[in-house]
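Residue numbers (the working numbering), protein chains in the order written: chain C, 5 to 134; chain Z, 5 to 134. Input: a single structure, listed below in C-alpha cells.
Number of protein chains: 2
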Amino acid sequence: MAQKYSRQRELIKNFLCTRKDHPTADIVYMNVRQQYPNISLGTVYRNLTLLSDTGEIRRLRLGDGVDHFDADTSPHNHFICTRCGSVLDLEMESIDHILEKAGEHFDGKVDGHVTYFYGTCGSCCNKLQA
Amino acid sequence: MAQKYSRQRELIKNFLCTRKDHPTADIVYMNVRQQYPNISLGTVYRNLTLLSDTGEIRRLRLGDGVDHFDADTSPHNHFICTRCGSVLDLEMESIDHILEKAGEHFDGKVDGHVTYFYGTCGSCCNKLQA
DNA sequence: CTTTAAATTAGTAATGATTACTGTTTTTAT
DNA sequence: ATAAAAACAGTAATCATTACTAATTTAAAG
Numbered sequence: 005m006a007q008k009y010s011r012q013r014e015l016i017k018n019f020l021c022t023r024k025d026h027p028t029a030d031i032v033y034m035n036v037r038q039q040y041p042n043i044s045l046g047t048v049y050r051n052l053t054l055l056s057d058t059g060e061i062r063r064l065r066l067g068d069g070v071d072h073f074d075a076d077t078s079p080h081n082h083f084i085c086t087r088c089g090s091v092l093d094l095e096m097e098s099i100d101h102i103l104e105k106a107g108e109h110f111d112g113k114v115d116g117h118v119t120y121f122y123g124t125c126g127s128c129c130n131k132l133q134a
Numbered sequence: 005m006a007q008k009y010s011r012q013r014e015l016i017k018n019f020l021c022t023r024k025d026h027p028t029a030d031i032v033y034m035n036v037r038q039q040y041p042n043i044s045l046g047t048v049y050r051n052l053t054l055l056s057d058t059g060e061i062r063r064l065r066l067g068d069g070v071d072h073f074d075a076d077t078s079p080h081n082h083f084i085c086t087r088c089g090s091v092l093d094l095e096m097e098s099i100d101h102i103l104e105k106a107g108e109h110f111d112g113k114v115d116g117h118v119t120y121f122y123g124t125c126g127s128c129c130n131k132l133q134a
C-alpha cells in the first residue's frame, strides 16, 4: 500500500478544514504545533505537498512569494486584498467560458486557467471610511 | 531629478524588447553580460524592478517560483505550457467583464484580476503526434 | 570646465521559502 | 511477532531575490 496513516497529516488536514483564510505553511506549522509540539516544519511542508498531490487540498500560488493552502477543493475563485493581504473566497458564477476564448486563435491545447482578483476587501473599505 | 541614465538599464530594456518569450532575471543577466561582461546580477534585478515600477515593463508571476518579464505592456494574457514551461502571448478578446461578475456578490472593491492559461503549446502538440 | 550631491554600480552577504538528506520511529501487511 | 515501506524530526542545502557597502557615474549648478 502506498500511503500510511500519520497523526501529523491528520492534524494538518483538520486544521486546514477549520480555516477559511488560506493559511501558509508557516501558519499551519505554528498552529498544529500547539496540539503536537514537536512536529517539524519539514513534515508540514511534505504533507501539504502530499495532500495537494492527492487532491485533498488545493495549493494557491498567488504571486506573493508564499504558497497558500485551501481545504475547499470545490471550484471557486479567490480575491486578494492589496491593503491587508488577506485571501478571500469569491462567490461568483463560473468564468470557464474564457477557456474557449483563449483557445480560439491559439495553436495548441488550452487545459485550464488560473485567475485571481485583487482590490480592497470589505473590512479595509470600512476602515478607510471611518 | 529622480532617475539618472544608466547604460546597464538601457541594455536590459533593449534586450527585453527583442524577446517575446518572457525571460527571467537570470536569462536577462546571461544575455546582457555578453554585451556588458561585468554587469552584476543585483543590477539586473534592481533595474527589472525599477522598470516594472515605472510601468516600462511588466513583471509576470506565473506561480513557477520565478519572476518573468515582458517588455510588452499592452493588456494581453499569457499561456504556460505544462510540458516545456514556455510562456506565450495569447491573442484573444478581452475578458475584463469577469471583473463585474466578481464584484456582484462581493463586499469590497474589485480593482483587477490576474489570469493565465495553461495546457500544451503547439510545438509540444506536434512532438506528441510525431 | 569644475564641483558636488544624488543615483547607480559591482560584488558580496543576507534573507526567506522550500526541498533534500539521514538516521530513527511508526504503521501495517503477513 | 516480524519486517518492509512509509513517515518522522532535525538539520543542511538550495535557489530566487533583496540588502548592504564602498566606489563610480551622472547631471545639475556654479
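Just so it is clear, CB atoms sit at the ideal spot from N, CA and C, and this is done for glycine as well. Nothing here was measured: the structure is a model prediction, and the numbers come from that model.
Where the alpha helix (DSSP H) containing residue i begins and where it ends
| i | result |
| --- | --- |
| isoleucine 31 of chain Z | 29 to 39 |
| asparagine 18 of chain C | 11 to 22 |
| lysine 8 of chain Z | No alpha helix (DSSP H) holds lysine 8 of chain Z; DSSP gives it neither H nor E. |
| alanine 106 of chain C | 102 to 108 |
| glycine 51 of chain C | Looking at the sequence provided, one finds asparagine at residue 51 of chain C rather than glycine. Its alpha helix (DSSP H) spans residues 45 to 57. |
Same chain only: Cβ atoms within 7 Å of residue i, ignoring 5 sequence neighbours per side
| i | result |
| --- | --- |
| isoleucine 84 of chain Z | Leu66, Val91, Tyr120, Tyr122 |
| asparagine 81 of chain C | Leu94, Met96, Thr119, Tyr120, Phe121 |
| glycine 107 of chain C | Val114 |
| threonine 47 of chain Z | Gln12 |
| cysteine 128 of chain Z | Cys85, Arg87, Cys88 |
| arginine 37 of chain Z | Ile43 |
| isoleucine 102 of chain Z | His117 |
| asparagine 35 of chain Z | Phe19 |
| glutamine 39 of chain C | Leu15 |
CB contact below 9 Å: residue i versus chain C
| i | result |
| --- | --- |
| tyrosine 33 of chain Z | no |
| cysteine 125 of chain Z | yes |
| leucine 45 of chain Z | no |
| arginine 50 of chain Z | no |
| aspartate 111 of chain Z | yes |
| arginine 65 of chain Z | yes |
CB contact check: residue i to chain Z, cutoff 9 Å
| i | result |
| --- | --- |
| threonine 53 of chain C | no |
| valine 114 of chain C | yes |
| alanine 106 of chain C | yes |
| aspartate 74 of chain C | no |
| leucine 20 of chain C | no |
| valine 118 of chain C | yes |
| isoleucine 61 of chain C | no |
| glutamate 95 of chain C | yes |
| tyrosine 40 of chain C | no |
| arginine 23 of chain C | no |
Endpoints, beta strand (DSSP E) assigned at residue i
| i | result |
| --- | --- |
| leucine 94 of chain C | 91 to 94 |
| phenylalanine 73 of chain C | 71 to 74 |
| asparagine 81 of chain C | 81 to 85 |
| leucine 64 of chain Z | 62 to 65 |
| phenylalanine 121 of chain C | 112 to 125 |
Chain-order list of residues whose beta-carbon lies under 8 Å from that of residue i (same chain, five-residue window excluded)
| i | result |
| --- | --- |
| arginine 13 of chain C | Asn51, Leu54, Leu55 |
| valine 32 of chain Z | Ile16, Phe19, Leu20, Val48, Leu52, Phe73 |
| histidine 26 of chain C | Leu64, His72, Phe73, Asp74, His82, Val91 |
Cut-off 6 Å between Cβ atoms - residues of its own chain near residue i, not counting five sequence neighbours on either side
| i | result |
| --- | --- |
| alanine 75 of chain Z | Leu20, Cys21, Ile61 |
| leucine 132 of chain Z | none |
Supposed contact pair residue j and residue i - C-beta distance, whole angstroms, cut 8 Å
| i | j | result |
| --- | --- | --- |
| threonine 70 of chain C | threonine 28 of chain C | Inspection of the sequence shows that residue 70 of chain C is occupied by valine rather than by threonine. Indeed they touch by this definition, with Cβ atoms about 5 Å apart. |
Any non-hydrogen atom of the ligand FMN closer than 8 Å to residue i Cβ
| i | result |
| --- | --- |
| glycine 107 of chain C | Here there are no bound small molecules, and the ligand FMN is not part of this structure. |
Query raised in the report: Using Cβ-Cβ distances below 8 Å, what residues of the stretch 77 to 90 of chain Z are close to chain C?
Result: For the stretch 77 to 90 of chain Z, which is checked against every Cβ of chain C, the residues closer than 8 Å are Asn81, Phe83, Cys85, Thr86.
Query - Contacting positions in the stretch 8 to 19 of chain Z - beta carbon closer than 9 Å to chain C - result: Residues passing the 9 Å Cβ filter: none.
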